[in-house]
Amino acid sequence: MSICLPRSALALFATSLLSLAGATTALAQSPAKTRPGASPAAAAFNYAQSEAAMAFASDMAERRNLDPTWVRRQLGAAQRIPAVIRLMQPAPSGTPKNWAAYRARFIEPVRLRAGQRFWEDNREALARAEAEYGVPASLIVGVIGVESLYGRYTGNFRVIDALATLSFDFPGSHPRAATRTEFFRSELEQFLSLAERTGTDPASYLGSYAGAMGWPQFMPSSWTKYAIDFDADDKVDLFNSQADVIGSVANYFKAFGWQPGLPTHYPVRFDPNQSPQDLATLLAPDILPSFSVETFNKKGVLIESPLAPQHSGPLALVELQNASAPSTYIAGTQNFYVVTRYNWSSYYALAVIELGETVRQMMGER
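Using this note's numbering, the letters of the sequence shown correspond one by one to residues 1411 to 1776.
Here it is in structure tokens:
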């Protein structure tokens, strides 16, 4: 799900993001082509009863030059969903991260077989996207597999309900309730504007508990900025057009600075005489590439790749914890950082990369 947060949010939000990533799969949502329906366990309260929601609707209509009656009617019909509020709660403090367990949720037989079928069915579109945008087919396949299991789980919450709930009833106990409320109100505005612009009923969109939509689980702002008509039928459809999904994911990564030909990461090993202080220095920037290969070497972190001597850009030492077992470490490049722009989690990024690469190998692709 492409929820973009400011860099400063990562430390506080990372734990909850890791625990919620892939939640659309776990929630046993309805198939991608299922169209409008009531949100599950919808509460009786609707936002026509909310002064804040109706004031937002009037203000939005004025700023966007939209029919205020239409905006108030659409938002007023949205229902508060208690399940959405519960799902947005942060993970309990001290919840251990576990890369091995997280990886196993995505690199597994069902998803791998579905990935092979998706690649086989969309060879032409994947090849065209790679040629036009420079983004590897394997990365596109990995993203779609992690986000929605190739369209199998795209969400069964009405998007208008989810976004209204998070805009006006975001859990106050969340450490970043104020900024998250602001974020979801912006997404709600983008969503209503998108529906009005395309002449579609806002209640017809189904998505995740956070308002992400379609096979690639784009938030409304991402749909507006990055979704494209890749099958040339004069419309953008991330629910039913696999070509549009493929092209839109490739366009997203290109927009965030994907560099064709640059690896996403390298394996590393540690000099046994390394100083703990040196390790702490390398880990401090987290996923942001900040150090040269030479700096890595000087601080006792050796890149195990024949490509290392040719690498000239910055690197990040990325730690992926394995609960009580030793952590996994990689050297992330600028392209690894680009993958995290889709979801600000190193665990998510590496799962996407490894899923796509495993499917590529199974397909016998170069």
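Quick reminder that beta carbons are idealized off the backbone N, C-alpha and C, glycines included.
Could you tell me which residues DSSP puts in a beta bridge with residue i?
{"i": "S1749", "result": "As written in the sequence, residue 1749 is Val, which differs from the Ser given in the question. Bridge partners of V1749: none, in fact."}
{"i": "L1730", "result": "T1738"}
{"i": "R1628", "result": "Here residue 1628 is Phe; the residue named in the question, Arg, does not match the sequence. According to DSSP, F1628 bridges with M1623."}
{"i": "Q1489", "result": "N1456"}
{"i": "L1522", "result": "None; L1522 has no bridge partner."}
{"i": "G1617", "result": "F1567 and M1623"}
{"i": "N1508", "result": "N1732"}
{"i": "L1698", "result": "Its beta-bridge partners do not exist; DSSP assigns none."}
{"i": "L1672", "result": "Answer is none; L1672 lacks a bridge partner."}
{"i": "L1725", "result": "F1701"}
First and last residue of the alpha helix (DSSP H) that includes residue i?
{"i": "N1707", "result": "V1703 to K1708"}
{"i": "Q1484", "result": "P1478 to G1486"}
{"i": "E1557", "result": "A1547 to S1558"}
{"i": "Y1757", "result": "S1756 to M1773"}
{"i": "A1718", "result": "Neither: A1718 is in no alpha helix (DSSP H) and is coded neither H nor E."}
{"i": "N1650", "result": "Unbroken run through N1650: none, as it is neither H nor E."}
{"i": "D1688", "result": "P1686 to L1693"}
{"i": "F1594", "result": "A1587 to T1608"}
{"i": "R1538", "result": "R1533 to Y1543"}
{"i": "A1501", "result": "Taken as a continuous stretch (DSSP letters only), A1501 belongs to no alpha helix (DSSP H), as it is neither H nor E."}
{"i": "S1468", "result": "E1461 to R1474"}
Quick check on the burial criterion: 16 or more other C-beta atoms within 10 angstroms. Buried or exposed for residue i?
{"i": "R1527", "result": "exposed"}
{"i": "G1504", "result": "exposed"}
{"i": "R1482", "result": "buried"}
{"i": "T1564", "result": "buried"}
{"i": "P1441", "result": "Interpretation of P1441 is limited by its pLDDT of 33, a score under 50 that renders its predicted location unreliable; no figure is taken from the coordinates."}
{"i": "Q1669", "result": "exposed"}
{"i": "K1709", "result": "buried"}
{"i": "A1436", "result": "In this prediction, A1436 has a pLDDT of 36, which is less than 50 and means its spatial position is unreliable; what the coordinates show is noted afterwards. Classification for A1436: exposed."}
{"i": "A1539", "result": "buried"}
{"i": "Q1771", "result": "exposed"}
{"i": "A1761", "result": "buried"}
{"i": "R1590", "result": "buried"}
{"i": "A1438", "result": "Here A1438 scores only 32 on pLDDT, less than 50, and its place in the model is too uncertain to base an answer on."}
{"i": "S1548", "result": "buried"}
{"i": "K1645", "result": "exposed"}
{"i": "D1477", "result": "exposed"}
{"i": "E1387", "result": "The first residue shown for the chain is 1411 and the last is 1776, placing residue 1387 beyond what the model contains."}
{"i": "L1598", "result": "buried"}
{"i": "D1579", "result": "buried"}
{"i": "A1451", "result": "Summary for A1451: the model assigns pLDDT 48, below 50, so the residue's position carries little reliability; its value from the coordinates is reported in the next sentence. So A1451 counts as exposed."}
{"i": "N1661", "result": "buried"}
{"i": "N1532", "result": "buried"}
{"i": "T1479", "result": "exposed"}
{"i": "G1789", "result": "Residue 1789 falls outside the range modelled here, since the chain spans only 1411 to 1776, and no answer is possible."}
{"i": "T1608", "result": "exposed"}
{"i": "T1434", "result": "Only weak support exists for where T1434 lies, its pLDDT of 38 falling under 50; the value from the coordinates is given anyway. Buried: at least 16 other Cβ atoms inside 10 Å."}
Considering just the uninterrupted stretch of the beta strand (DSSP E) at residue i, what are its terminal residues?
{"i": "V1711", "result": "V1711 to I1713"}
{"i": "F1680", "result": "H1675 to F1680"}
On a CA-only basis, which of the options is nearest residue i? Give me that one, please.
{"i": "A1690", "options": "H1675, Y1676, F1706 and P1677", "result": "F1706"}
{"i": "A1574", "options": "A1665, G1555, K1664 and F1466", "result": "F1466"}
{"i": "S1700", "options": "P1719, A1642, G1742 and L1765", "result": "G1742"}
{"i": "Y1739", "options": "G1766, E1534, V1678 and G1723", "result": "V1678"}
{"i": "E1460", "options": "N1475, W1480 and A1488", "result": "Correcting the residue type first, residue 1460 is Ser in the shown sequence and not Glu. Ranking N1475, W1480 and A1488 by Cα distance to S1460 puts A1488 first."}
{"i": "P1695", "options": "S1737, Y1747 and A1761", "result": "Y1747"}
{"i": "D1571", "options": "S1548, Y1615, D1477 and G1657", "result": "Y1615"}
{"i": "S1603", "options": "V1749, T1634 and P1585", "result": "T1634"}
{"i": "Q1720", "options": "N1732, V1703 and P1736", "result": "V1703"}
{"i": "D1611", "options": "V1569, E1592, F1594 and L1522", "result": "V1569"}
{"i": "Y1752", "options": "S1631, P1682 and L1692", "result": "S1631"}
{"i": "M1623", "options": "L1497, V1655, R1607 and A1510", "result": "V1655"}
{"i": "F1516", "options": "L1536, P1581 and Y1560", "result": "Y1560"}
{"i": "A1501", "options": "Y1457, P1581, A1588 and Y1636", "result": "P1581"}
{"i": "S1737", "options": "Q1687, P1724, F1680 and E1714", "result": "F1680"}
{"i": "D1688", "options": "V1711, N1661 and I1697", "result": "V1711"}
{"i": "A1584", "options": "L1497, A1733, L1485 and I1491", "result": "Reading the sequence as shown, one finds His at residue 1584 and not Ala. Among L1497, A1733, L1485 and I1491, the Cα nearest to that of H1584 belongs to L1497."}
{"i": "Q1499", "options": "A1458, A1620, R1513 and A1537", "result": "A1620"}
{"i": "S1734", "options": "W1509, P1682 and A1718", "result": "W1509"}
{"i": "I1713", "options": "D1469, D1641 and Y1676", "result": "Y1676"}
{"i": "I1763", "options": "R1490, R1474 and I1554", "result": "I1554"}
{"i": "A1653", "options": "E1534, K1507, E1472 and P1686", "result": "E1534"}
If residue i sits next to residue j, beta carbons under 8 Å apart, how far is it from one beta carbon to the other, in whole angstroms?
{"i": "L1648", "j": "F1628", "result": "6 Å"}
{"i": "L1730", "j": "Y1757", "result": "6 Å"}
{"i": "F1663", "j": "V1545", "result": "5 Å"}
{"i": "W1529", "j": "M1773", "result": "5 Å"}
{"i": "S1658", "j": "I1638", "result": "5 Å"}
{"i": "V1551", "j": "G1766", "result": "5 Å"}
{"i": "F1567", "j": "V1494", "result": "7 Å"}
{"i": "L1595", "j": "S1577", "result": "The question names Leu, but residue 1595 in the sequence shown is Arg. That belief holds up - the Cβ atoms of R1595 and S1577 are roughly 4 Å apart, short of 8 Å."}
{"i": "Q1744", "j": "P1716", "result": "So it is not a contact: roughly 20 Å between Cβ atoms."}
Is the closest heavy atom of the ligand SAM to the C-beta of residue i under 7 Å?
{"i": "L1730", "result": "Among the ligands in the structure shown, none appear at all, so the ligand SAM cannot be discussed."}
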